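*Asks:* Below are the structure tokens for one structure; questions will follow.
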Amino acid sequence: MPTQPDQRRQLSEFLRSRRERLTPDEVGLPQTGRRRTPGLRREELALLAGISATWYTYLEQGRKIRVSEQVLNALAAALRLDRHERDHLLQLAGHAPAAEAEEREPLPAEVGAVPLLLQPNPAYIIGGNYDVLSHNQAADELFPRLITDADRPANFVRWAFLEPVAREVLVDWEPEARGLLGRLRTLAARHCDDPRYTRLIEELKEGSPEVRDWWPQYEVQARHSGRKRLRHPQRGAIDYAYTAFHLAEQPEQTLVVYVGSSEPPDGSAALHLAG
């Protein structure tokens with residue numbers, strides 16, 4: 001069991017949020033009277049996981065008790081967690097190595113130059129807390145006002161929630177912002193003692209009502225590739241495919257490259273990606 005009180009509190013919040021999103025019908029349990037709170041009762045979840053209801057209550061209350069990985073896996077199955085949520089549960093419960101906190105993320109010059117080589121495709125490198133460590137001109141054009149303060153690095157999550165123009169650029173702003181916040185939460189759990197994460201999260205909570213509303217829902221998500229609709233300042237709304245590459249020596253640093261659906265079909269976009 002983790003020794004840090006904040007980590008136990010996060011574990012408590014995560015378990016409660018996942019328990020409350022399940023219904024008896026979903027897990028094959030009969031309805032038993034009127035329910036004053038959403039989701040499964042603690043004793044119902046304990047029954048599904050094959051553990052003591054009292055013991056589970058202590059766990060959800062954030063008490064400092066010992067918990068095995070076998071029991072956590074049983075809880076993950078009962079809560080119907082996906083792979084990333086299960087890994088997050090194990091991380092919070094102290095069954096995964098926590099990353100060491102560091103004041104700043106090193107970025108070798110040759111790595112920082114990669115986005116420049118990918119021009120005219122928008123590309124940037126972000127750190128674990130979504131600080132923008134390097135980007136090219138196309139990314140600067142696609143994400144206006146991403147760089148606004150010379151005294152601190154740009155941050156993609158801060159931009160998405162606190163910069164008004166982000167709601168114009170991100171055509172599907174709410175699902176994109178929710179996913180971004182879930183990915184930040186997943187990474188923040190690995191850096192409970194890193195002030196960069198705590199400062200960023202407090203800034204987001206202070207400046208964004210959506211963060212204050214969504215943070216207690218405890219969504220977690222892993223970084224991934226995919227598609228999103230972005231509004232280019234000159235070309236309008238475009239469906240972009242984006243690919244995320246994790247750096248070998250700094251796996252939480254990620255190179256993200258965008259290719260728009262309106263790119264020429266003759267393979268030139270692929271040549272841009274290949275450098």
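What the sequence shown shows, in full-length UniProt numbering, is residues 1 to 275, in sequence order. Every residue gets a Cβ at the ideal spot worked out from N, C-alpha and C, and that includes glycine. Keep in mind that this is a model prediction, so the values were computed, not measured.
(1) Provide the residue(s) that pair with residue 257 in DSSP beta bridges, ordered along the chain.
(2) From the DSSP secondary-structure annotation, give me the bridge partner or partners of residue 229.
(3) Take the Cβ of residue 102 as the centre, count every other Cβ of all protein chains shown within 10 Å, and call the residue buried at 16 or more, exposed below.
(4) Give the secondary structure of residue 191 by DSSP, where H, G and I count as helix, E and B as strand, and everything else as coil.
(5) If you run the structure through DSSP and keep just helix, strand and coil, what is residue 3?
(6) Go through its chain and collect everything with a Cβ distance to residue 136's Cβ below 6 Å, but skip five positions before and after it.
(7) Could you have a look at residue 155 and say whether DSSP puts it in helix, strand or coil?
(8) Using DSSP with H/G/I as helix, E/B as strand and the rest coil, what is residue 102?
(9) Using DSSP with H/G/I as helix, E/B as strand and the rest coil, what is residue 133?
(10) With distances taken between CB atoms, is the gap from residue 178 to residue 219 smaller than 8 Å?
(11) Let me know if residue 196 comes out buried or exposed under the rule of 16 or more other beta-carbons within 10 Å of its beta-carbon.
(12) Check whether the stretch 155 to 163 and the stretch 198 to 207 touch, using three or more Cβ-Cβ pairs below 8 Å as the test.
(13) Straight-line CA distance for residue 37 to residue 57?
(14) Nearest by alpha-carbon distance to residue 10: which of 169, 192, 42 and 172 is it?
(15) Evaluate contact between the stretch 215 to 234 and the stretch 166 to 185, counting only Cβ atoms and requiring at least three cross-stretch pairs below 8 Å.
(16) Could you check the C-alpha separation between residue 345 and residue 91 for me, to the nearest Å?
(17) Pull up the distance between the alpha-carbon of residue 145 and that of residue 28, whole angstroms please.
(18) Out of curiosity, what's the CA-to-CA distance linking residue 253 and residue 25?
(19) Where does residue 88 land, buried or exposed, given buried means 16+ other C-beta within 10 angstroms?
(20) Looking at C-alpha atoms only, which residue of 184, 211 and 236 is the closest neighbour of residue 84?
(21) Can you tell me whether residue 208 is buried or exposed, with buried defined as 16 or more other CB within 10 angstroms of its CB?
(22) Use the C-beta contact count for residue 134: other C-beta atoms within 10 angstroms, 16 or more gives buried, fewer gives exposed.
(23) Quick check on DSSP: helix, strand or coil for residue 170?
(24) Looking at the structure shown, is residue 178 part of a helix, part of a strand, or coil, going by DSSP?
*Replies:* A quick look at the data gives this:
(1) Beta-bridge pairing links residue 257 to 123 and 243.
(2) Answer by DSSP bridge pairing, in chain order: 239.
(3) Interpretation of residue 102 is limited by its pLDDT of 42, a score under 50 that renders its predicted location unreliable; no figure is taken from the coordinates.
(4) Residue state, collapsed to three classes: helix.
(5) With a pLDDT of 49 at residue 3, under the threshold of 50, the predicted position of this residue should be treated as unreliable, and no value is reported.
(6) Within the same chain, residue 136 has close Cβ partners 115, 116, 119 and 123.
(7) Under the three-state reduction of DSSP, residue 155 is assigned to strand.
(8) Model confidence at residue 102 stands at a pLDDT of 42, short of 50, so the residue's coordinates are unreliable; what they give is reported in the following sentence. Looking at residue 102 - three-state DSSP - the assignment turns out to be coil, as it is neither helix nor strand.
(9) In the structure shown, the three-state DSSP call for residue 133 is strand.
(10) The answer is yes: Cβ separation under 8 Å.
(11) Flag for residue 196 reads buried.
(12) Contact holds: three or more Cβ-Cβ distances are below 8 Å.
(13) Taking C-alpha positions only, residue 37 is separated from residue 57 by approximately 16 Å.
(14) The shortest C-alpha separation from residue 10 is found at 192.
(15) Yes: the two stretches touch, three or more of their Cβ pairs being nearer than 8 Å.
(16) Nothing in the structure corresponds to residue 345, since the chain is present only between 1 and 275.
(17) Going from the Cα of residue 145 to the Cα of residue 28 covers about 50 Å.
(18) The straight-line gap from Cα to Cα measures roughly 42 Å.
(19) Label assigned to residue 88: buried.
(20) For residue 84, the closest C-alpha among the options 184, 211 and 236 is that of 184.
(21) Buried is the call here.
(22) Answer is buried; the Cβ neighbour count reaches 16.
(23) Strand, per DSSP.
(24) It is helical.
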